[in-house]
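Asks: My questions all concern the structure below.
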Amino acid sequence: MATIKEIAQKSGYSSATVSRFLNDDPTFSISEKAQQRITRVANELNYHHEDSAKSSQYQVAVLLSVDPQKELEDSYFSSIRKNIIAAGKAADMDVQFYRHVQDVPQKIDGLIALGPFTRDDIQLMKKLTANTVFADVNPDPHTFNSVQPNYESMVHVAIDSFRRSGITSIGLIGGKFWHADFPDDPRTTYFESYMRELGLFDERFVLIGEEFSVHCGYQMGLKLVGMMDQHPLPKGFIVASDPLAVGVLKAFNENKVTVPVDTAIISVNDIDIAKYVSPPLTTFRIDTTEIGRSIISTLRDGILFPTQSKREIRLDCELIQRKSFVW
Numbered sequence: 376m377a378t379i380k381e382i383a384q385k386s387g388y389s390s391a392t393v394s395r396f397l398n399d400d401p402t403f404s405i406s407e408k409a410q411q412r413i414t415r416v417a418n419e420l421n422y423h424h425e426d427s428a429k430s431s432q433y434q435v436a437v438l439l440s441v442d443p444q445k446e447l448e449d450s451y452f453s454s455i456r457k458n459i460i461a462a463g464k465a466a467d468m469d470v471q472f473y474r475h476v477q478d479v480p481q482k483i484d485g486l487i488a489l490g491p492f493t494r495d496d497i498q499l500m501k502k503l504t505a506n507t508v509f510a511d512v513n514p515d516p517h518t519f520n521s522v523q524p525n526y527e528s529m530v531h532v533a534i535d536s537f538r539r540s541g542i543t544s545i546g547l548i549g550g551k552f553w554h555a556d557f558p559d560d561p562r563t564t565y566f567e568s569y570m571r572e573l574g575l576f577d578e579r580f581v582l583i584g585e586e587f588s589v590h591c592g593y594q595m596g597l598k599l600v601g602m603m604d605q606h607p608l609p610k611g612f613i614v615a616s617d618p619l620a621v622g623v624l625k626a627f628n629e630n631k632v633t634v635p636v637d638t639a640i641i642s643v644n645d646i647d648i649a650k651y652v653s654p655p656l657t658t659f660r661i662d663t664t665e666i667g668r669s670i671i672s673t674l675r676d677g678i679l680f681p682t683q684s685k686r687e688i689r690l691d692c693e694l695i696q697r698k699s700f701v702w
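Convert by adding 375 to the 1-based position in the sequence shown; the result is the number in our numbering.
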């Protein structure tokens, strides 16, 4: 029988595109022309979908509110999605993806939420199941479980690394989640709290964009360049995501701001592009494999051992040293 890779090679589309289409991923959309091409090649190669010989023991819904274009730009989300699928399969769970909470079946054993949601969405989630796990930021820790990177530790490690290198003027470049109902990004909250505690906080150099994108980072980088006539740049910046940092670097490079000489950068996520920009990004590597496993483990515990207590799991992250900040 034909493989996904063989269909991808003959159809001219990536293996990821072919796999998501043939596996009926409801969060994925491609053109009708692409659908027809992939289907025709699959039929020519005698491809058959390998359904499991027995149905999975548990039914799990994943609400993925991340825009597909943002998922393409920031592989953090697609990596979590992939690892949820892998861990769910190992735990005998049938994992199905949905874009809208209204589409989730009433009879499920657990719910995973990835991305920001409106207040109305959150109220509907509460009615679906008590066994819900948020991947990343949790809008209601008293109601939902969550698995997330340890952002507090991450921010403290970044600030302390700068300080050990003699850098005490430190700024933050961050973003907002897509819905006003969602809480502020914890990286921003922890940064302000710790910098105030140290007596180093300067609100002039805390820039929060509308999202965590390359374009938004570029615009904030240009804004910082424009401020240099009035104030010198901080000697270090924490940037809340690699896509933001890529945009900031572009703006700095275009305006002859040299990183890490004029200012240093520590970023977050360690997506693939982080090692290829100029200079390569010093960034926190988030273990998305462990995020996926911990989410599924938390769901399974909620099925086998129901409890009113909610669980918050924070996973440590590794700071990968490259050239945007060297200590």
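Even glycine gets a Cβ: it sits at the ideal position worked out from N, Cα and C. All figures in this text were calculated on a predicted structure; none of them were measured in a lab.
(1) Who are the near neighbours of Val393 in its chain, counting only those whose CB is closer than 7 Å to its CB and skipping five residues on each side?
(2) With DSSP as the reference, label Tyr473 as helix, strand or coil.
(3) Looking at Ala466 and Ile671, is the spacing between their C-beta atoms short of 7 Å?
(4) So, at 8 Å on beta carbons, what are the nonlocal neighbours of Gln696 in its own chain, with the 5 sequence-adjacent residues on each side left out?
(5) Could you compute how far the alpha carbon of Ile688 sits from the alpha carbon of Tyr422?
(6) For the stretch 495–507 against the stretch 450–462, are there 3 or more C-beta pairs whose distance is under 8 Å?
(7) Give me, in chain order, the residues of the same chain whose beta-carbon lies closer than 6 Å to that of Phe519; leave out the 5 immediate sequence neighbours on both sides.
(8) Tell me which residue opens and which closes the beta strand (DSSP E) that Arg689 is part of.
(9) Using alpha carbons as the reference points, say which of Val636, Val634, Arg562 and Glu585 lies closest to Val532.
(10) Which residue or residues does DSSP assign as beta-bridge partners of Gly611?
(11) So, are the CB atoms of Ile483 and Gln434 less than 7 Å apart?
(12) Check for me: the alpha helix (DSSP H) holding Tyr451 runs from which residue to which?
(13) Cβ atoms of Leu674 and Thr638: under 7 Å apart, would you say?
(14) Tell me which same chain residues have a C-beta within less than 7 Å of the C-beta of Gly667, skipping the five on either side of it?
(15) For Met603, count neighbouring C-beta atoms within 10 Å of its own C-beta (all shown protein chains included) and say buried if the count is 16 or more, exposed if not.
(16) Rounded to whole angstroms, what's the CA-CA distance from Tyr388 to Phe472? Just pull it up for me.
(17) Quick check: the stretch 571–582 against the stretch 648–657, are at least 3 beta-carbon pairs closer than 8 Å?
Replies: If we stick to the structure as given:
(1) Ile379, Ile382, Ala383, Ser386 and Ile413
(2) strand
(3) yes
(4) Thr657 and Trp702
(5) 41 Å
(6) no
(7) Thr507, Phe509 and Asn513
(8) Glu687 to Leu690
(9) Arg562
(10) Ile545 and Ala639
(11) yes
(12) Ser450 to Ala465
(13) no
(14) Ile455, Asn458, Ile459, Ala461 and Ala462
(15) exposed
(16) 22 Å
(17) no
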